[in-house]
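Enquirer: If you read the sequences in order, they're chains E and A. First residue of the first sequence: 1, per our numbering; consecutive thereafter. First residue of the second sequence: 260, per our numbering; consecutive thereafter. Positions of the beta carbon are idealized from the N, C-alpha and C atoms, including for glycine. I am attaching a structure below and will ask some questions about it afterwards.
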Amino acid sequence: MITLFIDNQKVAVKEGTTLLKASEKLGIEIPTLCYHEGLPPYGACRLCVVEIIGEKKNRMVAACSFLVDEGMKVLTISDRVLKRRRMIVEFLLARCPDIKAIRDLADKMGIKKPRFKTKNLDCILCGLCVRVCNEVAGIGAIGFVNRGKKLKVDTPFHLASDVCIGCGACSFVCPTGAIEMELDAVKRFRELLGIEHKCRYSLMGLVSYKVCSNNYECWRCKVDQRIRDSLATHPIFAAKKIKTEKVNQYFSFLKKIQE
Amino acid sequence: MSNSKIVTLDDLELLKEKGLNLIYPTKTKISVGMATCGISTGAREVFQAISEEVQNQKLDCVLSQTGCLGFCQREPLVDVIEPGKPKVVYAEMSYDKVPELITNIKNQKIKNEWMLCQIGEKYSPRLDGIPFYKDVDFYKKQKKIALRNCGFINPDCIEEYIAKRGYFALHKVLTEMKPKEVVDMIAESGLRGRGGAGFLTGKKWQITRSSKGKIKYIICNADEGDPGAYMDRSLLEGDPHSVLEGMLIGAYAIGASTGYIYVRAEYPQAIVKFLQAVKQAEEHGLLGKDIFNSGFNFEVRVNKGAGAFVCGEETALIASIEGGWSGPRPRPPFPAKSGLWGKPTNINNVETWANVPVIIDKGADWYSKIGTEKSKGTKVFSVVGKVNNTGLVEVPMGITLREIVYDIGGGILDNRKFKAVQTGGPSGGCIPESLIDLPVDFEKLTEVGSMMGSGGMIVMDENTCMVDVAKYFLAFLEDESCGKCVPCREGIEKMREILNNICKGEGEEADIELLEEIALTVKEMSLCGLGQTASNPVLTTIKYFRNEYEEHIINKRCPAGVCLDLISYSIDAEKCNGCGACVRPCPTQAITGEKKKLHSLDQEKCIKCGACYETCKFDSIIIK
Numbered sequence: 001m002i003t004l005f006i007d008n009q010k011v012a013v014k015e016g017t018t019l020l021k022a023s024e025k026l027g028i029e030i031p032t033l034c035y036h037e038g039l040p041p042y043g044a045c046r047l048c049v050v051e052i053i054g055e056k057k058n059r060m061v062a063a064c065s066f067l068v069d070e071g072m073k074v075l076t077i078s079d080r081v082l083k084r085r086r087m088i089v090e091f092l093l094a095r096c097p098d099i100k101a102i103r104d105l106a107d108k109m110g111i112k113k114p115r116f117k118t119k120n121l122d123c124i125l126c127g128l129c130v131r132v133c134n135e136v137a138g139i140g141a142i143g144f145v146n147r148g149k150k151l152k153v154d155t156p157f158h159l160a161s162d163v164c165i166g167c168g169a170c171s172f173v174c175p176t177g178a179i180e181m182e183l184d185a186v187k188r189f190r191e192l193l194g195i196e197h198k199c200r201y202s203l204m205g206l207v208s209y210k211v212c213s214n215n216y217e218c219w220r221c222k223v224d225q226r227i228r229d230s231l232a233t234h235p236i237f238a239a240k241k242i243k244t245e246k247v248n249q250y251f252s253f254l255k256k257i258q259e
Numbered sequence: 260m261s262n263s264k265i266v267t268l269d270d271l272e273l274l275k276e277k278g279l280n281l282i283y284p285t286k287t288k289i290s291v292g293m294a295t296c297g298i299s300t301g302a303r304e305v306f307q308a309i310s311e312e313v314q315n316q317k318l319d320c321v322l323s324q325t326g327c328l329g330f331c332q333r334e335p336l337v338d339v340i341e342p343g344k345p346k347v348v349y350a351e352m353s354y355d356k357v358p359e360l361i362t363n364i365k366n367q368k369i370k371n372e373w374m375l376c377q378i379g380e381k382y383s384p385r386l387d388g389i390p391f392y393k394d395v396d397f398y399k400k401q402k403k404i405a406l407r408n409c410g411f412i413n414p415d416c417i418e419e420y421i422a423k424r425g426y427f428a429l430h431k432v433l434t435e436m437k438p439k440e441v442v443d444m445i446a447e448s449g450l451r452g453r454g455g456a457g458f459l460t461g462k463k464w465q466i467t468r469s470s471k472g473k474i475k476y477i478i479c480n481a482d483e484g485d486p487g488a489y490m491d492r493s494l495l496e497g498d499p500h501s502v503l504e505g506m507l508i509g510a511y512a513i514g515a516s517t518g519y520i521y522v523r524a525e526y527p528q529a530i531v532k533f534l535q536a537v538k539q540a541e542e543h544g545l546l547g548k549d550i551f552n553s554g555f556n557f558e559v560r561v562n563k564g565a566g567a568f569v570c571g572e573e574t575a576l577i578a579s580i581e582g583g584w585s586g587p588r589p590r591p592p593f594p595a596k597s598g599l600w601g602k603p604t605n606i607n608n609v610e611t612w613a614n615v616p617v618i619i620d621k622g623a624d625w626y627s628k629i630g631t632e633k634s635k636g637t638k639v640f641s642v643v644g645k646v647n648n649t650g651l652v653e654v655p656m657g658i659t660l661r662e663i664v665y666d667i668g669g670g671i672l673d674n675r676k677f678k679a680v681q682t683g684g685p686s687g688g689c690i691p692e693s694l695i696d697l698p699v700d701f702e703k704l705t706e707v708g709s710m711m712g713s714g715g716m717i718v719m720d721e722n723t724c725m726v727d728v729a730k731y732f733l734a735f736l737e738d739e740s741c742g743k744c745v746p747c748r749e750g751i752e753k754m755r756e757i758l759n760n761i762c763k764g765e766g767e768e769a770d771i772e773l774l775e776e777i778a779l780t781v782k783e784m785s786l787c788g789l790g791q792t793a794s795n796p797v798l799t800t801i802k803y804f805r806n807e808y809e810e811h812i813i814n815k816r817c818p819a820g821v822c823l824d825l826i827s828y829s830i831d832a833e834k835c836n837g838c839g840a841c842v843r844p845c846p847t848q849a850i851t852g853e854k855k856k857l858h859s860l861d862q863e864k865c866i867k868c869g870a871c872y873e874t875c876k877f878d879s880i881i882i883k
């Protein structure tokens, strides 16, 4: 166990814990946008940056990826942290002034209007969709294209994806609602496989019936809502938690798709 | 070719003899500097002309080529070596001078006006009044360690490298030293990474060495993307074997059997030379299995970059080698623990690797005596911008900026006033004249808000607008930011927009504070080194040249006369003698007037191109 101090409160956590997790244990809330329980830390939104008190100089580190160290002293709401965090939210507000998640953050910090030119975009480039598709689903239907201010999430060569399985995880994790399920993609998924493999949830081993009550019209799926309610997350993350055999089944399905 | 394999020290000595005969042949040798800097000024044509002229005039001589001697301003350089006499270096050669050159060589004559210097003090000078290499102002204060062979040997020829004691250090390491001793020796020497951050090389090696794992990698970072910096290119083109030998030694010390070199694709010549060096080393058994019968195996793979500046950052570079989208990832874990393919990986810059063989050969003591207390050895800088002598210079750490700019660089062009020097590439800071006596080392440069970086050094004169400079570097970084983290992607863009407004005369008084606030956010919050240093141009120009910002914002004036929206051209009625020289270059016919009478300038037509200003010999064009 490692003992450290967060905002002057003592906490003991296991070695290899991130500062974000350690703060959680104390009930200290650190805002994040690109962090997700089921994914490795990414460190892109920089909203979770906290201050570590050093001997000579204090350091600013991202709480989502920085690991705890013995005797470490961390400040999560120092003036410096709040000031920098405010600026990050202001940047994001200028990028996506109409997105609720960003507006809420801005309201909380008392930012009414950004001091910069606004852009009216949907995507904040947190990369959650790309990561869930690549790292959890193992599909890789979407990725980053270009760099810098031209950076965007897209399919290769901006063509309709022929590997997307329509699992909807990207849309589920998106904090801004920039990705929506496209009916065409879901339809294609249904046509791609035989009658027995029409339902994505049955393939993931999450539902047992083969015949869909919605006539395989996924966009009307009630199972969807029910599974989310019971697992409290998207099935693609839950697939990891349920029995191994079912997970294997899921992965053999993925393999089949890729063949 | 098993007979050419080098196994023992005797084999090396034999090749050394062969190499010495190639460097100093028994007949006349003509050698042309054929690095990219030479080729761009016509070295290839000169080489072609020499080989034709030699045949025409039936001169019995050896033709060869070499790398860059550093004095890029005066390329193409041609060396003439005659047995028993000092080497003569001719500067600024062109193909039309070649026939005379060959005739002169035939008649044992030397053309005084063309000469840069003579090399070889052990011989009596060929010509009085021509300085020896070490007495030329440009070279006097330099100390060449990394660039020791550049411009002296033929980079295509492994024998010539061996003649300069090449691969002797590798032999010593593999036959006499334990890996730990090698790491300790590099640690003792105090060598620090030359890629920018200045991390202790020995410590880095030690961490990678002690990391768990059977498979380890080493990487040579040759993704040199800073505008104005080209030491890595010059090294790979002029002395690829020294980099390769450094990598071999490092791999043995760390316990790696595969090495990668990541070169940017914009350096085709460097890639060709390095690949050739790899091939030669393989043929001679210096790469591959069981090198020097020691049981040590090593192979090198060459990776070409695809034009992303951010790939100079180590984690982005690794992602690029792995074939992924090249963006950095959070550290820790550092590559020394988990790098390429998740294995412990040691990444060093080209210049760092090139320093390694010399340290092994001459000892840690010798090396640690050069430089300052915390920064040992030498550093290669590419001195460019408004100086008389531009080129690559290698100087001991601790030398002052003044010495670099005035003694080596030969002062400012056209005797203008020095204004600032920008060190460390696009994300370095601008150092003002008041700090020109600053000794150059890692700590001192960071203290004043700049950095060592890869060693770019851009000298600016009084006609440079510092707001415009900050804008220029930010535009570069805005384009090169990978876009992964918010502060770097959004912050740099916002700063550039504000600077654009200031340069257009639309700046507001609150802009300076806002700029500082954004700059600090980008500096402290960014994910990788690119963002963390991107604010330096803004922060240092505000710190040292705040008055210029204020002039732009409050008085809507650009003191240096650079920002087009804030200046106007006019004609000084007292100085204009009506010569009419300015009328012709004006692209919009804005200047009119009769001969020998005062001319007038139509402000409506003027596009502020500055053509009249440059043409006028009487200083009668005024920029306000």
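1. Cβ of A/GLY644 within 7 Å of Cβ of A/ILE690?
2. Give the secondary structure of E/ARG59 by DSSP, where H, G and I count as helix, E and B as strand, and everything else as coil.
3. Could you work out which residue in A/GLY452, A/ASP355, A/ILE671 and A/LYS602 is closest to A/LYS635 when comparing CA atoms only?
4. Verify whether the separation of the beta carbon atoms of A/ASP720 and A/ILE671 is less than 7 Å.
5. If distances are taken between C-alpha atoms only, which option among A/ILE412, A/SER827, A/ALA302 and A/MET710 comes closest to A/ILE340?
6. Excluding five sequence neighbours on each side, which residues of the same chain lie with their C-beta closer than 6 Å to the C-beta of A/ASN722?
7. What are the start and end residues of each continuous beta strand (DSSP E) run of 3 or more residues lying completely inside the region 824 to 879 of chain A, in chain order?
8. Any Cβ of chain A within less than 7 Å of the Cβ of E/SER65?
9. Applying a beta-carbon distance threshold of less than 8 Å, which residues of chain A neighbour E/THR151?
10. Is it buried or exposed for A/PRO342, if we count other Cβ within 10 angstroms and need 16 for buried?
11. Taking the beta strand (DSSP E) that A/CYS320 falls in, what are its first and last residues?
12. So with CB distances below 8 Å, who are the chain A contacts of E/LYS117?
13. With a cut-off of 8 Å on the beta carbons, I'd call A/ASN366 and A/ILE389 a contact; round off their distance for me.
14. Do you know offhand how far A/THR631's Cα is from A/ILE813's?
15. Thinking C-beta only, is A/ALA623 closer than 7 Å to A/SER448?
16. Tell me, please, whether the CB atom of E/ILE88 is closer than 7 Å to any CB atom in chain A?
17. At a CB distance below 7 Å, what residues from the region 549 to 577 of chain A approach chain E? Give them in sequence order.
18. So, with DSSP's three-state summary, where would you put E/LYS14?
19. Closest Cβ-Cβ distance between A/THR792 and chain E: below 7 Å?
20. Given this structure, state the Cα-to-Cα distance separating A/PRO335 from A/MET352, to the nearest angstrom.
21. Using Cβ-Cβ distances below 8 Å, what residues of the region 123 to 135 of chain E are close to chain A?
22. Is A/GLU372 helix, strand or coil by DSSP?
23. Going by DSSP, what residue range makes up the beta strand (DSSP E) through A/ASP673?
24. Taking C-alpha atoms, which residue in A/VAL569, A/GLY669 and A/GLU541 lies nearest to A/ASN556?
25. Mapping DSSP to helix, strand and coil, what is E/GLN9?
26. Using the beta-carbon of each residue, which ones in chain A are nearer than 7 Å to E/PRO41?
27. Name, going along the chain, the residues of the region 15 to 38 of chain E whose beta-carbon falls closer than 7 Å to a beta-carbon of chain A.
28. Based on Cα-Cα distance, which residue from A/ILE282, A/THR300, A/ILE309 and A/MET710 lies nearest to A/THR325?
29. What does DSSP give as the partner residue(s) for A/LYS938 in the beta ladder?
30. Are the CB atoms of A/GLY292 and A/CYS331 nearer to each other than 7 Å?
31. Taking 7 Å as the CB-CB cut-off, is E/GLY148 touching chain A?
32. In chain order, what residues of the same chain have a beta carbon less than 7 Å from the beta carbon of A/GLU418, not counting five sequence neighbours either side?
33. Select from the region 479 to 490 of chain A all residues with a C-beta closer than 9 Å to any C-beta belonging to chain E, and list them in chain order.
34. Relative to the C-alpha of A/LYS288, which residue among A/LYS346, A/PRO589 and A/ILE513 is closest?
35. With respect to the alpha helix (DSSP H) encompassing A/ASN556, which residues constitute its N-terminal and C-terminal limits?
36. Where do the ends of the beta strand (DSSP E) carrying A/LYS678 lie?
Expert: The answer reads as follows:
1. If you number the second sequence from 1, residue 644 of chain A lands on position 385. If you number the second sequence from 1, residue 690 of chain A lands on position 431. No Cβ-Cβ contact shorter than 7 Å links A/GLY644 with A/ILE690.
2. In the first sequence, counting from the first residue as 1, residue 59 of chain E sits at position 59. Note: E/ARG59 maps to strand in three-state DSSP.
3. The sequence position of residue 635 of chain A within the second sequence is 376, counting from 1. For the set A/GLY452, A/ASP355, A/ILE671 and A/LYS602, the Cα lying nearest the Cα of A/LYS635 is the one of A/GLY452.
4. The residue you call residue 720 of chain A lines up with position 461 of the second sequence. The residue you call residue 671 of chain A lines up with position 412 of the second sequence. In contact: A/ASP720 and A/ILE671 (Cβ atoms closer than 7 Å).
5. The residue labelled residue 340 of chain A in the question sits at position 81 within the second sequence. Residue A/ILE412 is the option with its Cα nearest to A/ILE340.
6. Taking the first residue of the second sequence as 1, we reach residue 722 of chain A at position 463. Counting only residues of its own chain and dropping the five nearest sequence neighbours on each side, A/ASN722 has a CB closer than 6 Å to the CB of ALA819.
7. Taken in chain order, the unbroken stretches of beta strand (DSSP E) that lie wholly in the region 824 to 879 of chain A and span 3 residues or more are 828 to 830.
8. Numbered from its first residue, the first sequence carries residue 65 of chain E at position 65. Yes, E/SER65 counts as interfacial toward chain A.
9. Reading the first sequence from its first residue, position 151 is the one you call residue 151 of chain E. First, the amino acid is wrong: residue 151 of chain E is Leu here, not Thr. Per Cβ cutoff of 8 Å: CYS741, GLY742, LYS743 and ARG748.
10. Translated into the one-based positions of the second sequence, residue 342 of chain A becomes position 83. With fewer than 16 neighbouring CB atoms inside 10 Å of its own CB, A/PRO342 falls in the exposed class.
11. Counted from its first residue, the second sequence places residue 320 of chain A at position 61. Element bounds for A/CYS320: 320 to 325.
12. The count along the first sequence starts at 1 and reaches residue 117 of chain E at position 117. Neighbours of E/LYS117 on chain A, chain order: GLU756.
13. Sequence index remark: in the second sequence, residue 366 of chain A carries index 107 (1-based). Sequence index remark: in the second sequence, residue 389 of chain A carries index 130 (1-based). Contact between A/ASN366 and A/ILE389 does not hold, since the beta-carbon distance rounds to 18 Å and is not under 8 Å.
14. Along the second sequence, one-based indexing puts residue 631 of chain A at 372. Along the second sequence, one-based indexing puts residue 813 of chain A at 554. Computed Cα separation, rounded: 44 Å.
15. As a position in the second sequence, residue 448 of chain A is number 189, starting the count at 1. As a position in the second sequence, residue 623 of chain A is number 364, starting the count at 1. Their beta carbons are under 7 Å apart, which means A/SER448 touches A/ALA623 by this criterion.
16. Here the question's residue 88 of chain E lines up with position 88 in the first sequence. Residue contact check for E/ILE88 against chain A: a CB pair falls below 7 Å.
17. So the close ones are ALA567.
18. As a position in the first sequence, residue 14 of chain E is number 14, starting the count at 1. Looking at E/LYS14 - three-state DSSP - the assignment turns out to be coil, as it is neither helix nor strand.
19. As a position in the second sequence, residue 792 of chain A is number 533, starting the count at 1. No, no contact with chain E.
20. Within the second sequence, numbered from 1, the residue matching residue 335 of chain A stands at position 76. Within the second sequence, numbered from 1, the residue matching residue 352 of chain A stands at position 93. Within the model, the alpha-carbon separation for A/PRO335 versus A/MET352 is close to 5 Å.
21. Answer set for the region 123 to 135 of chain E: ILE124, LEU125 and GLY127.
22. Against the second sequence, residue 372 of chain A aligns to sequence position 113. Here A/GLU372 sits in helix by DSSP.
23. Stepping through the second sequence from its first residue, residue 673 of chain A is reached at position 414. First-last for A/ASP673: undefined, no H or E at that position.
24. For the purposes of this step, residue 556 of chain A is taken as residue 297 along the second sequence, with counting starting at 1. The shortest Cα separation from A/ASN556 among A/VAL569, A/GLY669 and A/GLU541 belongs to A/GLU541.
25. As a working note, residue 9 of chain E is residue 9 in the first sequence. E/GLN9: strand per DSSP, three-state reduction.
26. Counting from 1 along the first sequence, the entry for residue 41 of chain E is found at position 41. Chain A residues near E/PRO41: PRO589.
27. For chain A, none of the residues of the region 15 to 38 of chain E brings a beta carbon within less than 7 Å of one of its beta carbons.
28. Position 66 of the second sequence, counted from the start, is the residue given in the question as residue 325 of chain A. Ranking A/ILE282, A/THR300, A/ILE309 and A/MET710 by Cα distance to A/THR325 puts A/ILE282 first.
29. What is shown of chain A runs 260 to 883, which leaves residue 938 of chain A out entirely.
30. Mapped onto the second sequence, residue 292 of chain A falls at position 33. Mapped onto the second sequence, residue 331 of chain A falls at position 72. The Cβ atoms of A/GLY292 and A/CYS331 lie no closer than 7 Å to each other.
31. Along the first sequence, one-based indexing puts residue 148 of chain E at 148. Yes, contact with chain A.
32. The sequence position of residue 418 of chain A within the second sequence is 159, counting from 1. Listed in chain order, the non-local C-beta contacts of A/GLU418 below 7 Å within the same chain comprise LEU274, LYS277, GLY278 and LEU281, local neighbours out to five positions each way being set aside.
33. If you check each beta-carbon in the region 479 to 490 of chain A against every beta-carbon of chain E, none falls closer than 9 Å.
34. Within the second sequence, the letter at position 29 stands for residue 288 of chain A. Per the Cα distances, A/LYS346.
35. Within the second sequence, numbered from 1, the residue matching residue 556 of chain A stands at position 297. For A/ASN556, no alpha helix (DSSP H) segment is defined; the enclosing uninterrupted segment is the beta strand (DSSP E) at 555 to 563.
36. Within the second sequence, the letter at position 419 stands for residue 678 of chain A. Per DSSP, the continuous beta strand (DSSP E) segment holding A/LYS678 begins and ends at 677 to 682.
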